[in-house]
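Trainee: Quick one: this structure, given as structure tokens, is what I'll be asking you about.
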């Protein structure tokens, strides 16, 4: 439900919210309660459905959710009382829920209490258990109060002050009655104090009966186990300490592993589950519960990584102790399976199946093998035998297929995805075709003059046709067509694929049969594209030589391209004329490409000249095709060795250290890790589906074949999808920009960037639970993104900039959805990077402004201001994809914070503001237009300015310190300048501009205490000015352009901490205003000035 605030006779509705998930609690095994900022959400984790969402604490985060012990079953609905608290406020709620729906009603909203509430617990005796009305509260100054909330005015029943008067960083209450009540206080003295509120000394202070000393940092979290025999504490010192309360002499168990501060740790049977600032959730063995003979010292047995960048803030375990839910600073909620710890991290040979050869084979060993999806293993031995074993039948037994001396010590093998065929290559260059199901007798053809280096099998739209590509060592690469439709298979060699002059060894490929396009990846990191003629045009007995139509070298640096995966379902923007594919490499990266196919009028297909190649370009053009790099990402410090796409999700296979792993690219987590000894070994992997049902991984270690055979999925134990709520940025968001794309098609797009270095493009989707859909998630910036701007020329361009002077250009392609309000089709392509000029690596681009100065020629101006007081104006040429410096200079002599522009008929005027509190107006239109007439000359020396900036046309002082926010609006022939400053003030001024001078009309109108702290964002829209500040207020000001004044109309508390950017847009007759900081939040209200 929306939170409303008055705005004249209209209403403001809080809309999108992506922020910190502060608290999680399971109501039962499938119903999860989520504190998401001020909102309480109810999810069914089994289905992934959001059942309800209600704003409970309008001006505070939900710090904790406290369930009452009794549940009432009424007409298939479970009814439960609960309390939520945050800051100094508590709300008493009633929850009604089943598996399909949930309802939350607020019974009482109480507060403010006298101090910050650190913990709360229901207080009751056996008679009151079913309907408790009392609560114990522990406060931030180490004192306790017990209240009765039966009436509308809370009644204080009891209070106690601990004898140690100090500020707490954490506290936890154990017990629900006067006899059982214990308080664990996490103090600023790095100690945990245990005290009982009802046991006091002569000074009427509650006595500390136990001090737990050992931490070297403040205590962020404490928890009791079920019977209070153990307590666990987590700290700023990055350790977890487990204390026995029954054994006075025992030392605490100290657990190391988290790489940053630890926020919480919970008891779960014989495990401990912790969360940390390092964005991980870890599972440990509780060795205090272990037998004396057990040497386990509390090792970390699982490390779950899935949240973005920084901080897992909340954690809950369902009553069955099978599902762990975690909530992060990234706004995401992840589900993890405790019982799958053993399934997903395979470290022991006890979890593997060995397939040794029979003892009667003496010293014979398996040299190579393949494993089909039906778990049939075909192996070649050092003595020249081909053997078969069915891994689904016990006992495992090897059956001899054939013996051939040509396989002795060397055999290359490949199986088809369908499992019907295995192709074996020998040292003499022969190919042997085998049926694992014995559908036909093995047969051999002579293909190459030397030994086989690699074999590939590609499927066809016809189930009886397979394409086999064989690569001879220092020999040709041949393309064969295998027909399985008859009683005896027929293989025809069609094409000889010529290699470039540079050394090129093909070790991966993908074939788009419908486009007749073959894409090859090489060990030398070359990418080759071939156009293949139709097989019916090849005379029988002839082999056609083909040269590559495109060649791209060093696509993965100097590392091998290990797989080429073509997207089978073509839903790209120009699906009829393009191919989308991925490559993986031993640099640990995967790259997404789009190959655009042009309609050539020439009948003769042109090929690339031998030796002519592009070196890792973003875009590569050929005679009749264009190759564009869409996205590149590194997911491991190890190597990537393969890829699969199942159910629309990309799975990446690789090796890191001793483990083989499967990484889910869409959900950003390692699905399984298997200790096989590392890479550089023969291996094979198959899976039935994206959840790794019926999956198998086989490998050779120490001349023995091992297999990990999995018959369950990675996400059993009660949930279908491990992502319950999608994540947002993991760190502070410093830039937001609504994009003027597809607004006519009822689609609202916006881009964000921040401290996590990620550029995201999202779509507003009000029908979704989190009201946004992420199209693009690109990590290319080295450090923070501080500014995003848009410019429309030949194409739609985004310019992102920030730390290390990075300024990048992106091309955004978008087409409307086929359904009203549906997901649009969008691509974002990296186009170019602007050169950095400063010698100081700490120099940052603070802000940019961009526009097309000649849209037909694709020429754009980007004004950029820098932290070293420089102003630079860059020309970007879409056609050549190059940046050229037009002008630079310095005048403010301080860090420049903002830049913007207005376009009038007589020219373009730029406005800058800095930490000196001044606003400057620059009139450089004539010089700009003169410079772009010779843009070719500028590109020859792209870092040499065409002219220098000297003095601005006009300047004025308006703030006592930095001008953090700057907005300009054309009002007739005059310009309204609205600013927000570090001094908490907001100002508006009218500036007159003509041929003779630039001057202020009157004095600036200043609101000195517009906010309680520094203003960080400002925007004019719908005859209103919106300002935001680190006080977390969004102020809405009425603008009087005649009198040049601002009048506060409304103020809205925003739930995003550290607001740092703001933007607004009119969409579907509503004004949408969004702020970003540690998350994102938007409001909307009906447009008033249409």
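Residue numbers (our numbering): 1 to 1090.
Heads up, the beta-carbon is just placed ideally off N, CA and C, and yes, glycines get one too.
At the level of alpha carbons, what is the spacing between residue 215 and residue 419?
Mentor: Near 58 angstroms, if we compare the C-alpha coordinates of residue 419 and residue 215.
Trainee: Please give me, in chain order, every unbroken run of the alpha helix (DSSP H) with length at least 4 that falls completely inside the stretch 712-762.
Mentor: Here no run is fully enclosed.
Trainee: If we count the other Cβ atoms within 10 Å of its Cβ and call it buried at 16 or more, is residue 478 buried or exposed?
Mentor: Its Cβ being crowded by 16 or more others within 10 Å, residue 478 is buried.
Trainee: Are residue 849 and residue 789 close, meaning C-beta to C-beta below 8 angstroms?
Mentor: Against a cut-off of 8 angstroms, the Cβ pair of residue 789 and residue 849 comes out as a contact.
Trainee: Between the stretch 822-838 and the stretch 629-639, can you find at least three pairs of beta-carbon atoms closer than 8 angstroms?
Mentor: Enough Cβ pairs lie closer than 8 angstroms, so yes.
Trainee: Report back the beta-carbon spacing between residue 163 and residue 201 to the nearest angstrom; my notes put them in contact at under 8 angstroms.
Mentor: Rounded, the Cβ-Cβ distance is 6 angstroms, consistent with contact.
Trainee: Identify which residue in 60, 369, 53 and 73 has its Cα closest to the Cα of residue 105.
Mentor: Residue 53 is the option with its Cα nearest to residue 105.
Trainee: Give the secondary structure of residue 341 by DSSP, where H, G and I count as helix, E and B as strand, and everything else as coil.
Mentor: DSSP places residue 341 in helix when its eight states are reduced to three.
Trainee: Taking the beta carbon of residue 841 as the centre, do at least 16 other beta carbons fall within 10 Å, making it buried, or is it exposed?
Mentor: It is exposed - the Cβ of residue 841 has fewer than 16 other Cβ atoms within 10 Å.
Trainee: Our contact map puts residue 662 next to residue 653 with C-beta atoms below 8 angstroms; I'd like the distance itself, whole angstroms only.
Mentor: Confirmed, Cβ separation roughly 6 angstroms.
Trainee: For the pair the stretch 358-365 and the stretch 66-77, tell me if three or more CB-CB distances fall below 8 angstroms.
Mentor: As far as the Cβ criterion goes, the stretch 358-365 does not touch the stretch 66-77, which means the pair count is below three.
Trainee: Who are the near neighbours of residue 476 in its chain, counting only those whose CB is closer than 6 angstroms to its CB and skipping five residues on each side?
Mentor: Same-chain partners within the cutoff: 496.
Trainee: By the DSSP assignment, the alpha helix (DSSP H) with residue 167 in it spans what residues?
Mentor: Counting along the chain, residue 167 falls outside any alpha helix (DSSP H), and DSSP gives it neither H nor E.
Trainee: Opposite residue 653 in the DSSP bridges: which residues?
Mentor: Bridge partners of residue 653: 642 and 662.
Trainee: Grouping DSSP H, G and I as helix and E and B as strand, with all else coil, what is residue 160?
Mentor: DSSP places residue 160 in strand when its eight states are reduced to three.
Trainee: DSSP puts residue 414 in a beta bridge; with which residues?
Mentor: DSSP output for residue 414 lists 423 as bridge partner(s).
Trainee: Which residues mark the beginning and the end of the alpha helix (DSSP H) in which residue 474 is found?
Mentor: Element bounds for residue 474: n/a, residue is neither H nor E.
Trainee: Using a Cβ-Cβ cutoff of less than 7 angstroms, which residues in the same chain neighbour residue 943 once the five nearest sequence positions on both sides are dropped?
Mentor: Cβ within range, chain order: 835, 837 and 885.
Trainee: So which of 621, 1043, 760 and 987 has the shortest CA-CA distance to residue 1026?
Mentor: Comparing Cα-Cα distances from residue 1026 to each of 621, 1043, 760 and 987, the minimum goes to 987.
Trainee: Report the residue ranges of all beta strand (DSSP E) runs contained in full by the stretch 451-529; include only those spanning at least 3 residues, in chain order.
Mentor: Counting only runs of 3 or more, we get 452-459, 465-472, 477-483, 490-497, 506-512 and 517-522.
Trainee: Quick check: what's the CA-CA separation for residue 452 versus residue 709?
Mentor: So the alpha carbons of these two residues sit roughly 30 angstroms apart.
Trainee: Is it buried or exposed, residue 584, if we count other Cβ atoms within 10 angstroms and call 16 or more buried?
Mentor: Per the 10 Å Cβ criterion, buried.
Trainee: Would residue 282 pass as a contact of residue 302 if the rule is Cβ separation under 8 angstroms?
Mentor: It is a contact, given that the beta carbons lie within the stated cut-off.
Trainee: DSSP on residue 386, reduced to helix/strand/coil?
Mentor: DSSP places residue 386 in strand when its eight states are reduced to three.
Trainee: Using only the alpha-carbon positions, how far apart do residue 665 and residue 650 sit?
Mentor: Approximately 5 angstroms between the Cα atoms of the pair.
Trainee: Identify the continuous alpha helix (DSSP H) that holds residue 673 and give its terminal residues.
Mentor: Taken as a continuous stretch (DSSP letters only), residue 673 belongs to no alpha helix (DSSP H), being part of the beta strand (DSSP E) at 669-675.
Trainee: What do you reckon, are the CB atoms on residue 231 and residue 192 nearer than 8 angstroms?
Mentor: Yes; because the gap between Cβ atoms is below 8 angstroms, this pair is in contact.
Trainee: Residues in its own chain within less than 7 angstroms of residue 464 by CB, not counting five upstream and five downstream?
Mentor: Closer than 7 angstroms at Cβ, skipping near neighbours: 483, 484 and 485.
Trainee: Locate the beta strand (DSSP E) running through residue 78, then write down its first and last residues.
Mentor: 77-86 is the span of the beta strand (DSSP E), which, as asked, contains residue 78.
Trainee: To which residues of the same chain is residue 268 closer than 6 angstroms at the C-beta, ignoring the five residues directly before and after it?
Mentor: Same-chain partners within the cutoff: 317 and 321.
Trainee: When you compare only the Cα positions, how much space is there between residue 1007 and residue 957?
Mentor: C-alpha separation (whole angstroms): 15 angstroms.
Trainee: Once you ignore the five residues that flank residue 404 on each side, which residues in its own chain have a CB closer than 6 angstroms to its CB?
Mentor: Cβ within range, chain order: 384.
Trainee: So, with DSSP's three-state summary, where would you put residue 927?
Mentor: Three-state result, residue 927: helix.
Trainee: If I follow the unbroken alpha helix (DSSP H) through residue 938, where does it start and stop?
Mentor: Run containing residue 938: 935-940, per the alpha helix (DSSP H) assignment.
Trainee: Sorted by chain position, which residues of the same chain lie with C-beta nearer than 6 angstroms to residue 198's C-beta, five sequence neighbours on each side aside?
Mentor: Taken in chain order, the residues that qualify are 178.
Trainee: Can you tell me the Cβ-Cβ gap for residue 20 and residue 1078, rounded? I've got them flagged as a contact below 8 angstroms.
Mentor: Yes, residue 20 and residue 1078 are in contact; Cβ-Cβ is about 6 angstroms, under 8 angstroms.
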